[in-house]
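See below for the structure under consideration.
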Amino acid sequence: MNKEKIGIPKLRFPGFTDPWEQRKLGEVLSYEQPGPYIVSSDNYDDKYNVPVLTAGKSFLLGFTNETEGIKEATKSDPVIIFDDFTTGSHYVDFPFKVKSSALKILSKRSERIDTKFIYEVLSGINYIPQSHERHWISQFSKFNVMIPSFQEQYRISCLFKQLDSLIALHQRKLEHLKQQKNGLLQKMFPKNGESVP
């Protein structure tokens, strides 16, 4: 019998044998409109404290000094911001504001759901939007996904958090090396129209 047909994935942590349960994303995640959290000014400055986010590739648009209408996400109660048009998403575990109404703020419906696990499931959905419409309600909330026990969700999400941390560390190292290279290039080679660096 094919294990995938009865809800058992090919790769698992030792000790987990229960089949995964099929659920719709809309059954495990609730959504909130971003209206109360939209920033009123795009006068961003790094000296301010509140990040302004987008669900697009840029993610962090800047920082605002606005103190009202802040979405209070935390490490113990994170959320997912989902771009309703591009279907891009980000896992957020800190307080924030948003720039656009074209996103949904997704939260777990139950304490038996690990938000990081669901974020990874959501990120793995291979869906290319074919039209300029809002996709959470019309498409994504209806998608079937496989959900393991909470303990197994947690183990999986911890693995992905470790990988995310490792990737971030290497990205910082890469940026540092690029800056070193640019500094050396400027010191070693003359600029256009100059004979010495």
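Per the working numbering: the sequence shown ends with 198, consecutive numbering throughout.
We treat Cβ as the ideally placed atom computed from N, Cα and C, and that holds for glycine.
Among the options, the one whose alpha carbon lies nearest that of residue i
i      : options                          : result
Gly27  : Phe17, Ser139, Ser90 and Gln154  : Ser139
Ser102 : Val146, Arg156, Thr55 and Ser111 : Thr55
Tyr155 : Glu134, Asn44, Lys143 and Ile119 : Ile119
Lys143 : Ile126, Ser132 and His133        : Ile126
Tyr45  : Pro35, Leu61 and Gln34           : Leu61
Leu123 : Ser42, Leu160, Asn145 and Leu104 : Asn145
Glu112 : Phe151, Arg24 and Lys174         : Phe151
Ala74  : Phe161, Lys58, Tyr92 and Ser59   : Tyr92
Pro35  : Lys100, Ile168, Gln180 and Leu12 : Lys100
Lys25  : Asp19, Gly63, Ile71 and Met147   : Met147
Limits of the alpha helix (DSSP H) - the one that residue i falls within
i     : result
Leu12 : Run containing Leu12: none; DSSP gives neither H nor E here.
Val29 : Leu26 to Val29
8 Å Cβ cutoff met for residue i and residue j
i      : j      : result
Leu211 : Lys117 : Because the chain spans 2 through 198 in this model, residue 211 falls outside it and cannot be assessed.
Thr65  : Val80  : no
Phe86  : Pro149 : no
Leu49  : Lys98  : It should be pointed out that residue 49 corresponds to Tyr in this sequence rather than to Leu. Not in contact: Tyr49 and Lys98 (Cβ atoms no closer than 8 Å).
Phe83  : Ser77  : no
Ser158 : Asp115 : yes
Lys105 : Glu33  : yes
Val51  : Glu67  : yes
Buried versus exposed, by CB contacts within 10 Å (16 or more), residue i
i      : result
Glu153 : buried
His177 : exposed
Glu121 : buried
Tyr128 : exposed
His171 : exposed
Pro15  : exposed
His136 : buried
The beta strand (DSSP E) enclosing residue i, as first and last residue numbers
i      : result
Val197 : Per DSSP, Val197 belongs to no beta strand (DSSP E) and is neither H nor E.
Val53  : Val51 to Leu54
Ile106 : Leu104 to Lys109
Any chance you could list the alpha helix (DSSP H) runs of at least 4 consecutive residues sitting entirely within the region 125-193, in chain order? 136-139 and 151-189
Which runs of the beta strand (DSSP E) spanning at least 3 residues fall entirely within the region 62-98, listed in chain order? 80-84 and 90-93
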